[in-house]
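Each step along the sequence shown adds one to the number in numbering that gives the first Met the number 0, with nothing skipped, and position 96 is 95. As structure tokens, the structure follows; a few thoughts come after it.
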Amino acid sequence: MSRYTEIRSFVLIAEKGSFAAAALAESVTPVIMGRRLTALERRLGVQLMHRSTRGLVLTDLGERYLEQCQQLIQDFDAADASITARRRSLAGHLVVSAPASFGRQHVAPHAAAFQARYPDLRLSFNFTDSVVDLVREGYDMAIRIGEVTDPNYVAVRLYPNRRVVCGTPEYFNRYGVPRVPEDLAGHNCLAFNLQGGQHRGWTFVREGRPFAVRVRGCLACNDGELLYDWVRQGLGIGWRSTWEIQRELKRGELVTVLDDFALPAYDIQAVYPQQRYLPAKVRYFIDDLRAHYQQPGYWEGRKAS
């Protein structure tokens, strides 16, 4: 039993005037409150209260000790309140990395309202499709799309996502629908260029095992939004995330193919360095983003660019 528990119980018994009333306030039995008082008196080696059938009476030492204990309880409560208020207000500097297109569409739009709730907090963003080293480059957290394998990072799923091959109905009516990933060799595949990271091909799953298919097309770039626009224009087919094309899929402007071979999970995740204590600013921002993303219709309601 902690000293704080003993002291708090003693103060409650003295203020309430009985074991029963004090026990009710603590949601325990009167016997437990009696044991706490006895343990305190034994530790101190003095009697703090006289017990009788007529009630409880503080001894002279008990009266002096009560005044000191009441001040201690007030100090404890004030310390807790100070920390809680500081946690709720948040302060300092939150530095976040996110993929360029995703960051512009689904991180930045929520930043102003979040900062308005916590005016002592500064926010900085770096939207890039390059994978940054959070620790070395001084980031508090990052948004990543897909699997996170680095054991030095903690990943928190914000929303489920898949990576799919898609195109316009007009494109597939004109050039045919690929039935297996190898059929992509006969299609105009719009992919990230070498610097963008898709030089190894598009990844699929067959019989539970991932494999990559090299693709080629007449257009390539390292900008996800431009690739997305090209796909919407019917210039070719793309390997895109469902978060990006949800609106177009619902409206029938884009359709997916090769779904039986799609990666089962390519989730939107918040990532931060492994650490003993997670800063409140990181936890609160993660919770804020997740709340937005889980609102019904959020992804279908995104405005097309």
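Backbone N, C-alpha and C fix where the C-beta goes; we use that ideal spot for every residue, glycine too.
In this structure, how does DSSP classify residue 68 when only helix, strand and coil are distinguished? Under the three-state reduction of DSSP, residue 68 is assigned to helix.
By Cβ distance, which residues of its chain are closer than 6 Å to residue 151, with the 5 residues on each side in sequence left out? Only 273 meet the Cβ criterion.
C-beta atoms of residue 12 and residue 68 nearer than 8 Å: In this structure, residue 68 does not lie closer than 8 Å to residue 12 by Cβ.
What ranges does the beta strand (DSSP E) occupy inside the segment 172-209, keeping only unbroken runs of at least 3 residues that lie completely in it? Listed in chain order, the complete beta strand (DSSP E) runs (minimum 3 residues) inside the segment 172-209 are 188-191 and 201-205.
Residue from 253, 95, 192 and 129 with nearest C-alpha to residue 107: Residue 107 has its Cα closest to that of 95, out of 253, 95, 192 and 129.
Comparing alpha-carbon positions, which option in 284, 178, 142 and 49 lies nearest residue 259? Shortest Cα-Cα distance from residue 259 to any of 284, 178, 142 and 49 involves 178.
Can you tell me whether residue 229 is helix, strand or coil according to DSSP? Residue 229: helix per DSSP, three-state reduction.
Among 148, 146, 147 and 123, which residue has its Cα nearest to the Cα of residue 139? Residue nearest to residue 139 within the set 148, 146, 147 and 123 is 123 (criterion: CA-CA distance).
Could you name the residues of the same chain whose beta carbon sits closer than 6 Å to that of residue 195, not counting the 5 residues immediately before and after it, in chain order? In this predicted model, residue 195 has a pLDDT of only 43, less than 50, meaning its place in the structure is not dependable; the value taken from the coordinates is given anyway. In the same chain as residue 195, and ignoring 5 residues on each side of it, the C-beta atoms closer than 6 Å to its own belong to 221, in chain order.
Under 8 Å, Cβ to Cβ, is there at least one residue of chain B near residue 160? Any reference to chain B falls outside this structure, which holds one protein chain only.
Is it buried or exposed for residue 73, if we count other Cβ within 10 angstroms and need 16 for buried? Burial call: exposed.
Residue 275 and residue 252: beta carbons closer than 8 Å? Here residue 275 is not near residue 252, since their CB atoms are 8 Å or more apart.
What did DSSP end up calling residue 159 once you bin it into helix, strand or coil? Of the three classes helix, strand and coil, the one that applies to residue 159 here is coil, per DSSP.
Bridge partners of residue 220, per DSSP? Bridge partners of residue 220 according to DSSP: 191.
Distance CB(residue 121)-CB(residue 92) smaller than 8 Å: Cβ atoms of residue 121 and residue 92: closer than 8 Å.
Would residue 265 be called buried (16 or more neighbouring beta carbons within 10 Å of its own) or exposed? Residue 265 sits buried, since 16 or more C-beta atoms from the chains shown fall within 10 Å of its C-beta.
Here's the rule: buried if 16 or more other CB atoms are within 10 angstroms of the residue's CB, otherwise exposed. What is residue 192? With fewer than 16 Cβ atoms within 10 Å of its Cβ, residue 192 is classed as exposed.
Taking 7 Å as the cut-off, does the CB of residue 235 come closer than this to any heavy atom belonging to the ligand ATP? Judged by which ligands are present, the structure shown has none, so any question about the ligand ATP falls away.
DSSP on residue 8, reduced to helix/strand/coil? Of the three classes helix, strand and coil, the one that applies to residue 8 here is helix, per DSSP.
Please classify residue 210 as buried or exposed, where buried requires at least 16 neighbouring CB atoms within 10 angstroms. So residue 210 counts as exposed.
Check the C-beta distance from residue 157 over to residue 267 and give it rounded, since I have them as a contact under 8 Å. So it is a contact: roughly 5 Å between Cβ atoms.
Which same chain residues, not among the five before or five after residue 113, have their C-beta less than 7 Å away from its C-beta? Apart from the 5 residues on each side of it in sequence, residue 113 sits with its Cβ closer than 7 Å to the Cβ of 284 and 287 in its chain, given in chain order.
Go through its chain and collect everything with a Cβ distance to residue 19's Cβ below 8 Å, but skip five positions before and after it. So the qualifying residues of the chain are 29.
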